[in-house]
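Okay, structure first, notes after.
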Amino acid sequence: MRSIKKLLITTSVFFFVSGSSLFFYAQTGNITLTLKNIDGTSAPLPPVLLSPSNLETEVSTTPSLSWAASIGASSYQVQISTTSSFSSNIFDLSGITVTSLNVTSALSDGTTYFWRVNATNLGGTSNWSVRSFTTMINETRIPTRNFAGLKWNVSNGVSGPGPNNWFNGINSIWIDNSENLHLTIRKIGDKWYCSSIYAQDTTGYGEYSFSVSSNVELYDPNIIVGLFIYENDSTEIDIEFSRWGDAGSNAGLYVVQPSEPLISSHSFPLNLTASSSTHKFTWTKQGIKFQSYQASGDLIKEWSYRGSNIPIPNQLKPHINFWLMKGLAPINQKDAELIISNFKYTPIHLLTDVSKDEVVPTEFKLYQNYPNPFNPNTKINFTLTRSSHVSLKVYNLLGQEKAQLINKELSVGYHEVSFDGSAFPSGVYLYRIKTGDFIQSKKMILLK
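Each residue of the sequence shown is one higher than the last, beginning at 1215 in the numbering used here.
Shown next as structure tokens:
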């Protein structure tokens, strides 16, 4: 049996009071053991973060951060960073004795920030509670634009195509003094934002012409220009300019959705000789004819589609999109600008180079007046699927009749009437058609 030796250890225990708590530590020789709270006080729980809510957007660039009190906490520490790892902080403050903090040094526009808070007392420090938010862009928003005689909605938020971030700020999309439309792709904060507009009114068979004052052949391979009419992803007629991420591919594309490669789409080189060019398509019941022209008027490309995907007029609206493929940043990391000098829609019955069977309408319909707003003259178009008596009147917003434009029997087909508003004050007016059971009204704006 092994012998047992006695080991004598001399330990000194020291007590002291701090506030209402009793602490002790033990010392043996040259070793001092950890400070302990004899009444059981432990580190506080992580605080519950209140505001901004997690992933909140449109947060002020001087936000107010708040959190719920953590029981037993004597102070808090707040950190703000642009990275989730908090490898570097743009804000770090400890010893906070309240449960809110106003950030007075302005953060950057449109940037995602991560913020975290911990709680401390004499028992120790809690784990961090972490959230993120994205700051707003301090720029005036414009939800609509008047361009080329039409009223257009301006896209905002996150959606397809891409998906992309769309922004309707005055520095992203605007009309210049020459009535040119400017759309941009911009990096704001840590995100890229694209631009898009779409007409408020539906359109039908006819010619759609887009005059472009930017060299669309020179854009970054990830940038896409879309000039099109759209109802949904399977009802669309589209002219696009993009190299789809491949700098060596053709920049031009005609497509009818749903796209069938080599059948309902056609790519082609542009070989532009100037910054300006014109691109159009003529949509009829029989087919769709695409055409692109140099600034000189020389034909770049012409292509026709007569397959099964020809849309039927319903809820298609003109769109102009300036966007990023799959939402990817430009390869060159540079902002870009698209200038559209004009858009023109010509209803089919006003075209002279289509056959008679292509202009027979398939529905009763009242179209938006063109131009709108107007001063003092505008045109109103409508379609009749059969011969019938037609009443077309103009009213003010009080419902008072101001003019009778038509009150007679008309034949089947497309019809147009002019309205002269020179005798009327500026304002919003209603025009209303009635033929049999068909009644429809639309608004028009007279601006003098």
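Every residue gets a Cβ at the ideal spot worked out from N, C-alpha and C, and that includes glycine.
6 angstroms CB neighbourhood of residue i in its chain, flanking five on each side removed
i, result
"Asn1378", "Cys1408, Trp1537, Leu1538, Gly1541"
"Ser1667", "Not covered by the structure: residue 1667. The range shown for the chain is 1215 to 1662."
"Gly1650", "Ser1602"
"Ser1410", "Ser1369, Trp1380, Asn1535"
"Ile1315", "A small fix is needed here, since residue 1315 is Leu in this sequence, not Ile. Correct list, in chain order: Leu1279, Val1292."
"Ser1284", "Pro1258, Leu1259, Pro1261, Ala1333"
"Ala1287", "Pro1258, Ala1333, Asn1335"
"Tyr1584", "Gly1363, Lys1593"
"Glu1615", "Lys1607, Tyr1609"
"Leu1661", "Pro1587, Asn1589, Ser1640"
Where residue i sits in the DSSP three-state scheme
i, result
"Lys1657", "strand"
"Gly1641", "strand"
"Lys1540", "helix"
"Ser1308", "strand"
"Val1317", "coil"
"Leu1486", "coil"
"Val1262", "coil"
"Thr1271", "strand"
"Ala1550", "strand"
"Thr1255", "coil"
"Leu1476", "coil"
"Arg1520", "coil"
"Lys1503", "strand"
"Ile1437", "strand"
"Ser1278", "strand"
"Thr1326", "strand"
"Ile1514", "strand"
"Ile1285", "coil"
"Lys1662", "coil"
"Asp1651", "coil"
"Ser1491", "strand"
"Ser1425", "strand"
Neighbourhood of residue i by C-beta distance below 7 angstroms, restricted to the same chain and skipping five residues each side
i, result
"Ser1494", "According to the sequence provided, residue 1494 is Lys. The question's Ser does not apply to it. Closer than 7 angstroms at the Cβ level, and outside the excluded window around Lys1494, lie Glu1421, Tyr1422, Ser1423, Phe1424, Gln1505."
"Gln1270", "Before going further, note that residue 1270 is Glu rather than Gln in the sequence given. Cβ within range, chain order: Phe1347."
"Ser1632", "Asn1591, Lys1593"
"Leu1264", "Ser1280, Trp1281, Ala1282"
"Glu1577", "Thr1597, Thr1599"
"Asn1268", "Arg1345, Ser1346"
"Ile1384", "Glu1353, Thr1354, Ile1356"
Residues of its chain near residue i, where Cβ-Cβ distance is below 8 angstroms and the 5 sequence neighbours each way are ignored
i, result
"Ser1489", "Ser1427, Ser1428, Asn1429, Ala1509"
"Asp1323", "Thr1275, Thr1349, Met1350, Ile1351, Asn1352, Glu1353, Ile1402, Gly1403"
"Ile1310", "Ser1289, Tyr1290, Gln1291, Val1292"
"Glu1474", "Gly1521, Asn1523"
Beta bridge counterpart(s) of residue i as assigned by DSSP
i, result
"Gly1462", "According to DSSP, which records beta bridges pairwise, Gly1462 is partnered with nothing at all."
"His1533", "Tyr1412, Phe1442"
"Ile1451", "Ile1443, Val1470"
"Asn1332", "Gln1291"
"Ala1420", "Looking at the sequence itself, residue 1420 is Gly, so the reference to Ala does not match. DSSP output for Gly1420 lists Trp1497, Pro1561 as bridge partner(s)."
"Val1430", "According to DSSP, which records beta bridges pairwise, Val1430 is partnered with nothing at all."
"Arg1457", "Paired residues: none, contrary to the question."
"Phe1300", "Per DSSP, none; premise fails for Phe1300."
"Ile1545", "Paired residue(s): none; Ile1545 is not in a bridge."
"Ser1636", "The partner list for Ser1636 (beta bridge, DSSP) is empty, contrary to what the question assumes."
Every unbroken beta strand (DSSP E) inside the segment 1338-1411 [3 residues or more]: Annotation: the segment 1338-1411 contains the following complete segments of the beta strand (DSSP E) (minimum length 3 residues), in chain order: 1343-1349, 1358-1361, 1364-1368, 1371-1373, 1378-1380, 1387-1389, 1395-1402.
Any beta strand (DSSP E) of 3 or more consecutive residues that is wholly inside the segment 1555-1627: Within the segment 1555-1627, complete beta strand (DSSP E) segments of at least 3 residues are found at 1591-1598, 1602-1610, 1615-1624, given in chain order.
Sufficient close CB pairs (3 or more, under 8 angstroms) joining the segment 1318-1333 to the segment 1292-1310: Counting Cβ pairs under 8 angstroms, three or more are found: they touch.
Segment contact, 8 angstroms Cβ cut-off, at least three pairs: the segment 1391-1404 with the segment 1451-1458: Too few Cβ pairs lie closer than 8 angstroms, so no.
Three or more C-beta pairs below 8 angstroms linking the segment 1476-1488 and the segment 1526-1535: Output reads no: the segment 1526-1535 does not touch the segment 1476-1488.
Segment contact, 8 angstroms Cβ cut-off, at least three pairs: the segment 1553-1560 with the segment 1464-1471: Because the criterion of three Cβ pairs below 8 angstroms is not met, the segment 1553-1560 and the segment 1464-1471 do not touch.
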